[in-house]
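Position 33 (the sequence shown) corresponds to 33 in this note's numbering; numbering is contiguous. Every residue, glycine too, gets a C-beta built ideally from N, C-alpha and C. It should be emphasised that the depicted structure is a prediction, and the values quoted were computed from it without experimental measurement.
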Amino acid sequence: MINQSLKVTVVVAGLALLTVACGDRPVDRALTGGAIGAGSGAVIGSTVGSPIAGAVIGGAAGATIGAVTAPER
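The following block contains the structure:
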């Protein structure tokens, strides 16, 4: 079970890194980060039996991180 959840975590983290900070405005990055966080939180939460809580926590964290980061120029 640990091996399966580790694989899922690695895949989600890899996908998140590929799409991190999409957008130029903080609103765009917050929406993208929230969507990525909600998706990855739901996947990770489902491995422990609580996908909705994982999606809520992941979405909030992703939106916050996306909003406060600045794009590279």
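Between Gly-62 and Ile-36, how many whole angstroms is the CB-CB distance? I'm expecting something under 8 Å. Residue numbering aside, residue 62 sits at position 62 when the sequence shown is read from its first letter. Residue numbering aside, residue 36 sits at position 36 when the sequence shown is read from its first letter. About 5 Å; that satisfies the 8 Å criterion.
If the criterion is Cβ atoms closer than 8 Å, does the pair Thr-64 and Arg-29 meet it? For the purposes of this step, residue 64 is identified with residue 64 of the sequence shown, where counting begins at 1. For the purposes of this step, residue 29 is identified with residue 29 of the sequence shown, where counting begins at 1. Contact: no.
Assuming contact is defined by CB atoms lying nearer than 8 Å, are Ala-38 and Gly-23 in contact in what I supplied? Locating residue 38 in the sequence shown gives position 38, counting from the first residue. Locating residue 23 in the sequence shown gives position 23, counting from the first residue. Not in contact: Ala-38 and Gly-23 (Cβ atoms no closer than 8 Å).
Can you list the alpha helix (DSSP H) stretches of 4 or more residues lying completely in the region 7 to 66, in chain order? Counting only runs of 4+ residues, the alpha helix (DSSP H) found wholly inside the region 7 to 66 occupies 26 to 47, in chain order.
Could you check the C-alpha separation between Ser-50 and Ala-42 for me, to the nearest Å? Position 50 of the sequence shown, counted from the first residue, corresponds to residue 50. Position 42 of the sequence shown, counted from the first residue, corresponds to residue 42. Taking the straight line from one Cα to the other gives about 8 Å.
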